[in-house]
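Chemist: The numbering of the sequence shown is numbering that gives the first Met the number 0, which starts it at 0 and goes up by one.
Quick reminder that beta carbons are idealized off the backbone N, C-alpha and C, glycines included.
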Amino acid sequence: MNKKNLSVLNLKNKKKSNKKISEIYAIFKKNLNHIKKNNFIVGVSGGPDSLALAALSKKYEQEKQAKVYYVLVDHGLRKNSATEALKVKKLLKSHKIPLTILTNKKNFNNNIQGKAREIRYKFLLEFCKKKNIKHILTGHHSDDQIETFLIRLSRGSGVQGLSSMRSISKLNKKITLSRPFLDLRKLDLTYVAKKTFGTIFKDPSNLDKKYLRTRIRQLKSSLEKSGVHHEQILKSIKNLASTSNTLNNYINKIYLSNVKKKKKKIIINCKNIFLETEEIQLKILSQALKNFSNSYYPPRSKKVINLLNSIRLKNKKKLTLFGCIIEKTSNYIIISKEA
């Protein structure tokens, strides 16, 4: 790192260290206790939260002698995205943080932000496999958590959706996604980024009102002014997460008893599943499709509801969803890969 900014992360030297950043680093480090070998990938976007993540991860890397990869996925959504990615790479390089840029070549016109997330995780998972790394870190913070809650509330999500993002979650059987900043505000991370790098990059899409998240961000500001504060919403999210955990434990028990993988198919004992509430039926079917497709995100609830209704009609025709073929026999639902 540049000598000018090195003192900011020199957390052992009390004369040189920054008290606020020391406190933030302590939270960050504590939230990585589950990473046993200290090796991970840092998902960088260029925003202040991911720059803070890169800075604190570099300090952690030096302290723990860890192997850390810093990766930016260029979705190609904006005309200048390649130039923006190179600017981030140059900034990190000046602080001795090597950045790998992975570039998406595919175009997409609908659900742009959703597709961008899918592509990002797809590329990061492939990079994990290539480097034999089992952990990915992202810079999601408590402001993101509340925005996610409000977005899902606007879509009519249930308990599990409203419990929002988890600090630790599984992307697949081998790879874990960690969000060590969920207890921190964006302002805290912007502070770290500015103090460390002397500058931050702003994403122009954050101001584009065609995106729901941008409009939700403005709604969040209005809620604060009306007396619905950040901490109150976070408390509700944590309460919902507790309820969601209880529900998940029950669903997992039912899933393990009634869903089996045989060769290249998933077989669901619908005779038993149909004895459960409709909510449980939907969760089991959604989880089966998600697992079979090896996807981070499950299919949209509305589509799973329509699929379940079609299955109940007892017709023999094959149905398709999420890249899968779904067939109903007398007692089983069979899921196979769509050609």
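Do His-74 and Ala-115 come within 8 angstroms of each other at the CB atom, strictly closer than that value?
Modeler: In contact: Ala-115 and His-74 (Cβ atoms closer than 8 angstroms).
Chemist: Buried or exposed: which applies to Tyr-295, given that a residue is buried once 16 or more other Cβ atoms fall within 10 Å of its Cβ?
Modeler: That one is buried.
Chemist: If you follow the alpha helix (DSSP H) that His-229 is part of, which residue opens it and which one closes it?
Modeler: Run containing His-229: 229 to 257, per the alpha helix (DSSP H) assignment.
Chemist: Kindly indicate which three-state DSSP category Gly-42 falls into: helix, strand or coil?
Modeler: Strand at Gly-42.
Chemist: With contact counted as at least three CB pairs below 8 angstroms, one residue from each stretch, are the region 174 to 185 and the region 35 to 48 in contact?
Modeler: They touch, by the three-pair rule.
Chemist: Does the count of Cβ pairs from the region 277 to 289 and the region 305 to 314 closer than 8 angstroms reach three?
Modeler: Contact between the region 277 to 289 and the region 305 to 314 is present, because at least three Cβ pairs lie under 8 angstroms.
Chemist: Looking only at C-alpha atoms, which of Lys-18, Lys-219, Ile-232, Leu-136 sits nearest to Leu-170?
Modeler: For Leu-170, the nearest C-alpha among the options comes from Leu-136.
Chemist: In the DSSP assignment, what are the bridge partners of Lys-261?
Modeler: Note: Lys-261 sits in a beta bridge opposite Lys-264.
Chemist: Round the Cβ separation of Lys-194 and Asn-30 to the nearest angstrom and send it over; I've been treating them as touching at under 8 angstroms.
Modeler: The Cβ separation is near 20 angstroms, so there is no contact.
Chemist: Consult DSSP for Ile-332 and reduce its assignment to one of helix, strand or coil.
Modeler: Strand.
Chemist: State the beta-bridge partners of Cys-323 as determined by DSSP.
Modeler: The partner list for Cys-323 (beta bridge, DSSP) reads Leu-320, Lys-336.
Chemist: Tell me which same chain residues have a C-beta within less than 7 angstroms of the C-beta of Glu-326, skipping the five on either side of it?
Modeler: Contacts found: Lys-317, Ile-333.
Chemist: Are Val-43 and Leu-101 close, meaning C-beta to C-beta below 8 angstroms?
Modeler: No, they are not a contact pair.
Chemist: What do you get for Gln-217, buried or exposed, if any count of 16 or more other CB atoms within 10 angstroms of its CB means buried?
Modeler: Gln-217 comes out exposed.
Chemist: What residue ranges within the region 155 to 187 form continuous alpha helix (DSSP H) runs of no fewer than 4 residues, ordered along the chain?
Modeler: Listed in chain order, the complete alpha helix (DSSP H) runs (minimum 4 residues) inside the region 155 to 187 are 158 to 161.
Chemist: Measure how close the beta-carbons of Leu-320 and Pro-298 come, nearest whole angstrom, since I'm counting them as under 8 angstroms.
Modeler: Yes, they are in contact, since the Cβ atoms of Leu-320 and Pro-298 sit about 6 angstroms apart, within 8 angstroms.
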